[in-house]
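Following: one structure in structure tokens, then a few remarks.
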Amino acid sequence: MCAKEQDLASYDLTVRGAGIFGLSVAWICTQRGARVQVVDPNGPASGSSGGIVGALAPHVPENWNAKKAFQLESLLMAEDFWRAVQLAGGGDPGYARTGRLQPIADAPALALAHQRAETSTDLWRDHALWEVLNAKETLWAPQSPSGHLIRDTLSALVHPRKACAALVRALTSRNVPIVAQAEAQAAGPTLWATGVTGLQDMTARHGRSVGNGVKGQAALLNHDASGQPQLFAGGVHVIPHLDGTVAVGSTSEREYDTADGTDAQLDVVIEKARAAVPALRDAPVINRWAGVRPRSRSRAPMLGALPGKPGQFVANGGFKIGFGMAPKVAEVLADLILENRDTIPTGFRVEDNL
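Per the numbering used here, the very first residue in the sequence shown carries number 1; after that it's consecutive.
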């Protein structure tokens with residue numbers, strides 16, 4: 001065996017795909033002592049992981065299920081996860097757990113919000129609050145017809161592009177190669193974290209849809225609200241990044257002509273954000289973004305071993321919650337790939353989408 005073949009054979013894991021799932025799994029496996037290589041012909045965060053929104057927001061605390069429990073664990077892991085990434089490589093992921101405000105439309109919605117406040121005590125315990133507040137007349141608050149707001153302290157944010165760049169720096173500091181093309185197939189297992197392309201390949205292989213791409217459009221506004229809570233109003237996320245910009249988004253388009261082009265649908269999102277949040281009415285748009293996010297058939301992340309393909313694993317289907325789910329996704333896949341411990345909940349498995 002030549003030296004080059006020996007080097008490739010010594011990898012414990014090859015990660016195909018350098019989006020948020022691929023980079024996060026590579027990072028956790030590296031922290032556990034594995035030798036990892038990351039391969040992506042388009043480079044890190046070249047797909048939907050290179051976006052600008054970054055809302056790490058929980059599902060409502062009711063009708064509890066495995067997906068919501070998994071997400072809660074992941075959101076609670078996020079602060080330590082991103083701190084370790086930043087300490088290792090020096091890159092700032094833009095993480096902050098500043099909570100979220102949402103308007104309440106009317107009396108029935110107010111009653112439901114109070115009910116959810118009660119169930120959150122049982123489901124979130126002392127980890128976070130979901131509460132109803134009287135709306136105050138401030139520039140940084142959504143307009144609320146009922147005069148009340150929902151506030152939760154579980155929601156957090158990252159800047160997606162910066163978070164992926166921070167992971168790249170952390171991995172590089174641990175001598176993990178991130179390359180466009182591996183010189184040969186390594187002997188160890190392979191994780192396929194290839195987003196929409198991966199869903200398309202699996203659909204073709206199995207003869208039925210296992211998922212699809214959903215386009216999203218978002219905008220970045222020049223307004224400094226760093227440290228303020230994120231807002232969700234009129235179906236629009238308003239994310240005050242720590243770098244003095246505000247992201248607003250996003251659309252959900254099942255049909256589209258171009259994957260990365262923005263259009264009038266984004267203009268509508270921007271106007272909704274301006275109408276809901278007085279502070280943004282005159283904030284200039286400094287960036288418009290569009291990308292296609294991978295959505296699995298089950299709508300939950302698709303994780304685990306590929307049936308009939310020994311040594312082949314999948315992490316896909318992050319859709320709108322990929323960054324929030326990434327810490328926990330990385331942990332359960334490291335459990336499975338490195339230690340043969342299957343901790344993936346029902347509903348998240350590859351076979352649940354086949």
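Yeah, the Cβ is synthetic: ideal placement off N, Cα and C, and Gly gets one too. Just so it is clear, the structure is predicted and the values come from calculations on it, not from any experiment.
With DSSP run on the structure shown, which of helix, strand or coil describes Gln143?
-> coil
Is the beta carbon of Pro240 sitting closer than 8 Å to the one on Gly99?
-> no
Is the beta carbon of Gly235 sitting closer than 8 Å to the one on Arg293?
-> no
Excluding sequence positions up to five away, which residues of its chain have a Cβ less than 6 Å from the Cβ of Ala326?
-> Ile20, Ser24
Identify whether Ala300 lies in helix, strand or coil by the three-state DSSP scheme.
-> coil
Under the rule that 16 or more other beta-carbon atoms within 10 Å means buried, what is Pro108, buried or exposed?
-> exposed
Where do the ends of the beta strand (DSSP E) carrying Phe21 lie?
-> Phe21 -> not in any beta strand (DSSP E); alpha helix (DSSP H) instead, spanning 20-31.
Spatially closest choice to His59 from Ser46, Glu73, Glu339, by CA coordinates = Glu73
Per-residue DSSP class, three states only, for Leu191 = strand
Work out the CA separation of Cys29 and Leu306 for me, nearest whole Å.
-> 19 Å
Pick from Thr194, Val132, Asp335, His127: whose alpha carbon is nearest that of Ala314?
-> Looking at the sequence shown, residue 314 is not Ala but Val. For Val314, the nearest C-alpha among the options comes from Thr194.
Residue closest to Ala34, alpha-carbon to alpha-carbon, out of Glu118, Gly91, Ala300, Thr14 | Thr14
Alpha carbon to alpha carbon, how far is Gln37 from Gln31? Give it in angstroms, no decimals.
-> 13 Å
Three or more C-beta pairs below 8 Å linking the stretch 287-304 and the stretch 217-225 | yes
Closest residue to Ile104 among Leu157, Pro145, Glu253 (Cα-Cα distance) = Pro145
Just tell me which of Gln143, Ser296, Leu336 has its CA closest to the CA of Gly318.
-> Ser296
Burial state of Ala18, where buried means 16 or more other Cβ atoms lie within 10 Å = buried
Could you work out which residue in Pro44, Gly50, Arg299, Ala156 is closest to Thr172 when comparing CA atoms only?
-> Pro44
Who are the near neighbours of Asp92 in its chain, counting only those whose CB is closer than 7 Å to its CB and skipping five residues on each side?
-> Gln86, Lys162, Ala166
Burial state of Pro310, where buried means 16 or more other Cβ atoms lie within 10 Å = exposed
Spell out a yes or no on whether the stretch 124-134 and the stretch 178-192 are touching, meaning 3 or more CB-CB pairs, one atom from each, closer than 8 Å.
-> no
Rank Val269, Ala275, Asp40, Leu139 by C-alpha distance to the C-alpha of Ala180 and give the top, closest one.
-> Asp40
Is it a yes or a no for the stretch 240-251 touching the stretch 268-280, going by three-plus beta-carbon pairs under 8 Å?
-> yes
Range covered by the alpha helix (DSSP H) that runs through Gly89 | 66-89
Within this structure, are the beta carbons of Gly360 and Asn42 separated by less than 8 Å?
-> An answer regarding residue 360 cannot be provided, because it is not within the stretch 1 to 354 covered by the chain.
Where Lys68 and Glu62 are concerned, what is the direct C-alpha to C-alpha distance, given to the nearest angstrom?
-> 9 Å
Leu101 versus Gly54: straight-line alpha-carbon distance, rounded | 16 Å
Cα separation between Ala283 and Ala204?
-> 45 Å
In the DSSP assignment, what are the bridge partners of Ile337?
-> Ile337 is not bridged to any residue.
Using a threshold of 8 Å, state whether the C-beta atoms of Leu303 and Val277 are closer than that.
-> no
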